[in-house]
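The sequence shown begins at 3 in the numbering used here and counts up by one.
Glycine is no exception: its CB is placed at the ideal position from the N, C-alpha and C atoms.
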Amino acid sequence: MKLFNTLTRQKEEFTPDKPDQVELYCCGPTVYNYAHIGNLRTYVFEDLLRRVLEFNGYVVNHVMNITDVGHLTSDADEGEDKMKKGAEREKKTVWEIAEYYAQAFLEDMDRLNMLKPTKKPKATDHIDTMIEQVQKLENNGYTYVGENGNVYYDTSKFEDYGKMAQLDKQELQAGARIKVDKNKKNPADFVLWFVSSKHGDQEMQWDSPWGRGFPGWHIECSAMSSKYLGDQFDIHCGGIDHIPVHHTNEIAQAEGASGVKPWVKIWMHGNFLVLKEGAKMAKSEENFLSLTRLVQEGYDPLDYRYFCLQSHYRKELAFDWDGLDAARTGLRRLKEKVLALGDSEGKLSDKYMTSFTEAVSDDLNVAQALGITWELMDDGEVSDEDKLVTIRKMDTVLGLKLDEQTKFELPPQIVQWILERNEARAQKDWKKADEIRLKMEVSGKWMVKDGPGGTEVRPK
Numbered sequence: 003m004k005l006f007n008t009l010t011r012q013k014e015e016f017t018p019d020k021p022d023q024v025e026l027y028c029c030g031p032t033v034y035n036y037a038h039i040g041n042l043r044t045y046v047f048e049d050l051l052r053r054v055l056e057f058n059g060y061v062v063n064h065v066m067n068i069t070d071v072g073h074l075t076s077d078a079d080e081g082e083d084k085m086k087k088g089a090e091r092e093k094k095t096v097w098e099i100a101e102y103y104a105q106a107f108l109e110d111m112d113r114l115n116m117l118k119p120t121k122k123p124k125a126t127d128h129i130d131t132m133i134e135q136v137q138k139l140e141n142n143g144y145t146y147v148g149e150n151g152n153v154y155y156d157t158s159k160f161e162d163y164g165k166m167a168q169l170d171k172q173e174l175q176a177g178a179r180i181k182v183d184k185n186k187k188n189p190a191d192f193v194l195w196f197v198s199s200k201h202g203d204q205e206m207q208w209d210s211p212w213g214r215g216f217p218g219w220h221i222e223c224s225a226m227s228s229k230y231l232g233d234q235f236d237i238h239c240g241g242i243d244h245i246p247v248h249h250t251n252e253i254a255q256a257e258g259a260s261g262v263k264p265w266v267k268i269w270m271h272g273n274f275l276v277l278k279e280g281a282k283m284a285k286s287e288e289n290f291l292s293l294t295r296l297v298q299e300g301y302d303p304l305d306y307r308y309f310c311l312q313s314h315y316r317k318e319l320a321f322d323w324d325g326l327d328a329a330r331t332g333l334r335r336l337k338e339k340v341l342a343l344g345d346s347e348g349k350l351s352d353k354y355m356t357s358f359t360e361a362v363s364d365d366l367n368v369a370q371a372l373g374i375t376w377e378l379m380d381d382g383e384v385s386d387e388d389k390l391v392t393i394r395k396m397d398t399v400l401g402l403k404l405d406e407q408t409k410f411e412l413p414p415q416i417v418q419w420i421l422e423r424n425e426a427r428a429q430k431d432w433k434k435a436d437e438i439r440l441k442m443e444v445s446g447k448w449m450v451k452d453g454p455g456g457t458e459v460r461p462k
């Protein structure tokens, strides 16, 4: 099995430290708003990685954190507090915001048929773990306290700082992406523990050896992953936006605290989902689409999963509605072919399983693997029984529920119109029934017909 390692910028043969077991950490969501479909593309890639590892016979210890503590809206020590921003937006406490959006994210994972992580540690449950790692860094000489009382990481003390992003000392000293801060010795230094915040009195604060405050943006991932996976583990995942700062700082924290190098053997990063006109999908820009929005437009969540699987995780993927329509059509056609096979299983097709395994094991080349599933379904020399058992095995990687009927959720407005139209038909008010039918059909997204149980609606 070969995986692309961001640290070395090349594909590498993957061999875990423990025989037949993989230690995997994925940066989880910051739960101050709904995840947008760009965020979810990264989690689809990580779910695919786990499925491919398990397909290849590994037991995966998959840890994904839930960031439910107030953090800043940029990778540097600036910007708005995310949890506070969410609480002010909805006039709730930060704790209520965290709980609500954590559950919303987990529901999105279920709707996209993602495997549940082995552990989902919450940041607020691991403040002591973060403090312990900061203390280790302090004891090892990597920290200093600024004039404002905040505890900073001294990046000049860490020899390999910037290796993840392949930044040299000149670039670091120039302070690219980092605002000048009089409290820092070096532009790239970052806060490990805040006791002084420009946001004033925050709800989320804890006692620490340096004063009452809250953790910095980067410390939770290195602290919690080390707690659950050890001082050295196999794979760490996230989005490419984490490379220059967040993951760079995680390495400095973990390796500075433990002295063990390398902390992580293979780093893997998913590329951006962008809107067709080129704008990055970001909550801060207020131009994001949620999975619920796609459902309201008549799409099954697995249509979006199929859309993501058509492109390699390291390539930028442009989103538009036409592309999602094409993905929906493709998934429906594939499901129709699978459902037409009956329910009797034969034996696995060695030819197709070999080519499928080679594709997904080559740095998750799932686009090629999807093409192989179509070749299998269209091969007249393979029996229906053999096709069924083979496609089901392939679907343990794809996660598309290919042998299940597509289920879809109707938007509340459509549900209301169905009720009103059924009532109108019951009263023989055919004019009103026709008017309501027209309303449902005018968007071009819905097919309406009359069935034994009344009005039946499904996406086109």
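Do residue j and residue i count as a contact pair if the criterion is CB distance below 7 Å?
i	j	result
D1	A106	Because the chain is modelled from 3 through 462, residue 1 falls outside the range shown and cannot be assessed.
V391	G344	no
L402	L293	no
N273	R335	no
G300	K441	no
A259	H314	no
W269	E257	no
F16	L26	no
T157	A104	no
G213	F196	no
I2	L404	Summary: the structure shown does not reach residue 2, with the chain confined to residues 3 through 462, and so no result is reported for it.
L341	R43	no
P119	M66	yes
M132	P211	no
A254	F160	yes
S346	V384	no
E252	S224	yes
I129	W208	yes
R307	V62	no
V193	N150	no
L291	I39	yes
Q298	P413	yes
K278	D236	no
In the DSSP assignment, what residue or residues form a beta bridge with residue i?
i	result
W208	G215
V247	Answer by DSSP bridge pairing: none, since V247 is not bridged.
D191	Beta-bridge pairing links D191 to no other residue.
F196	F216
T95	For T95, which the question treats as bridged, DSSP gives no partner whatsoever.
K4	E15, D364
D452	T457
S292	H38
C223	Beta-bridge pairing links C223 to no other residue.
W419	Beta-bridge pairing links W419 to no other residue.
T69	T32
E25	N63
V266	F235
G240	H271
L277	F321
K20	Q23
If you count every other CB in all the chains shown that lies within 10 Å of the CB of residue i, and 16 or more means buried, which is it?
i	result
K198	It should be pointed out that residue 198 corresponds to Ser in this sequence rather than to Lys. The residue is exposed, with fewer than 16 neighbouring Cβ atoms inside 10 Å.
N141	exposed
L421	exposed
M449	exposed
Q135	buried
T356	exposed
Q407	exposed
A89	buried
G59	exposed
G456	exposed
Q418	exposed
R53	buried
R460	exposed
A2	Any answer about residue 2 is impossible in this case: the structure gives the chain only from 3 up to 462.
G232	exposed
D19	exposed
E458	exposed
V399	buried
E318	exposed
E222	buried
P123	buried
G453	exposed
Using a Cβ-based criterion (distance less than 6 Å to any ligand heavy atom), does residue i qualify as near the ligand ZN?
i	result
K121	By its list of ligands, the structure shown contains no ligand whatsoever, and the ligand ZN lies outside what it can speak to.
Length-filtered (3 minimum) beta strand (DSSP E) runs lying within the segment 97-179: Whole beta strand (DSSP E) segments, 3+ residues: 145-147, 153-155.
Meets three-Cβ-pair contact criterion under 8 Å: the segment 371-383 and the segment 323-339: Yes, the segment 371-383 is in contact with the segment 323-339.
Cβ contact check for the segment 230-248 and the segment 89-101: 3 or more pairs under 8 Å: Touching, no, given that fewer than three Cβ pairs across the two stretches are closer than 8 Å.
Given 8 Å, three or more beta-carbon pairs between the segment 417-434 and the segment 350-367: No contact exists between the segment 417-434 and the segment 350-367.
Three CB pairs or more closer than 8 Å across the segment 8-15 and the segment 94-103: Contact between the segment 8-15 and the segment 94-103 is absent: fewer than three C-beta pairs spanning the two stretches fall below 8 Å.
Contiguous beta strand (DSSP E) assignments of at least 3 residues, all confined to the segment 300-351: At a cut-off of 3 residues, the continuous stretches assigned as beta strand (DSSP E) that sit fully inside the segment 300-351 are 319-321.
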